[in-house]
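Note that the working numbering has the sequence shown beginning at 992, numbered continuously upward.
Taking it in order: structure first as structure tokens, then the write-up.
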Amino acid sequence: MNYGKINNLIFMNSDELWGEGLNGFGGEFLAGNSFTGIDAFFVPVALRIETHQLKLSEPALPYAARLRALPAVQAWIKEWQLEVRHEAHEVACLRYGKLIGDMTTA
């Protein structure tokens, strides 16, 4: 199975799962009105959804936007963008795979 197919499965399942959690618990987050560990688990998924411009259904789309807008997530993104890239590591990675895009500017 290729990366694209795996990605699609993750995002399709996230969309459905998020809808169940949001509708079932009736809050802004998956387990109710408070941000919990399950929400933290899905922050990277929410970031990739934006980066890859994937489509989500309601109520998953506003949930992903809420996660991305959290102050702690915004701080994490800023810190990530300031990380030093190690060129030797980047070159070594190209021996084992193909660069399909640079997401560091997203």
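No residue lacks a Cβ here, since even glycine has one placed at the ideal position from N, Cα and C.
All values reported here derive from a predicted model rather than from experimental measurement.
Have a look at the DSSP bridge pairing and note the partners of residue i.
i, result
"PHE1016", "According to DSSP, PHE1016 bridges with nothing at all."
"GLY1023", "PHE1020"
Can you name the start and end residues of the alpha helix (DSSP H) that residue i belongs to?
i, result
"ASP1029", "Note that residue 1029 corresponds to Ile in the displayed sequence, not to Asp. From DSSP, the alpha helix (DSSP H) with ILE1029 extends over 1028-1042."
Helix, strand or coil for residue i, going by three-state DSSP, please let me know.
i, result
"PRO1053", "helix"
"GLU1074", "coil"
"ILE1068", "helix"
"LEU1045", "coil"
"ARG1059", "helix"
"ASP1006", "helix"
"LEU1090", "coil"
Give me the Cβ distance between residue i and residue j, rounded to the nearest whole Å; I'm assuming they're in contact under 8 Å.
i, j, result
"ALA1051", "ASP1006", "5 Å"
Margin query: Using 8 Å as the cut-off, can you tell me whether the segment 1075-1089 makes contact with the segment 1051-1063, which would need three or more C-beta pairs spanning the two stretches below that distance?
Written below: Judged by Cβ distances under 8 Å, the segment 1075-1089 makes no contact with the segment 1051-1063, as fewer than three pairs qualify.
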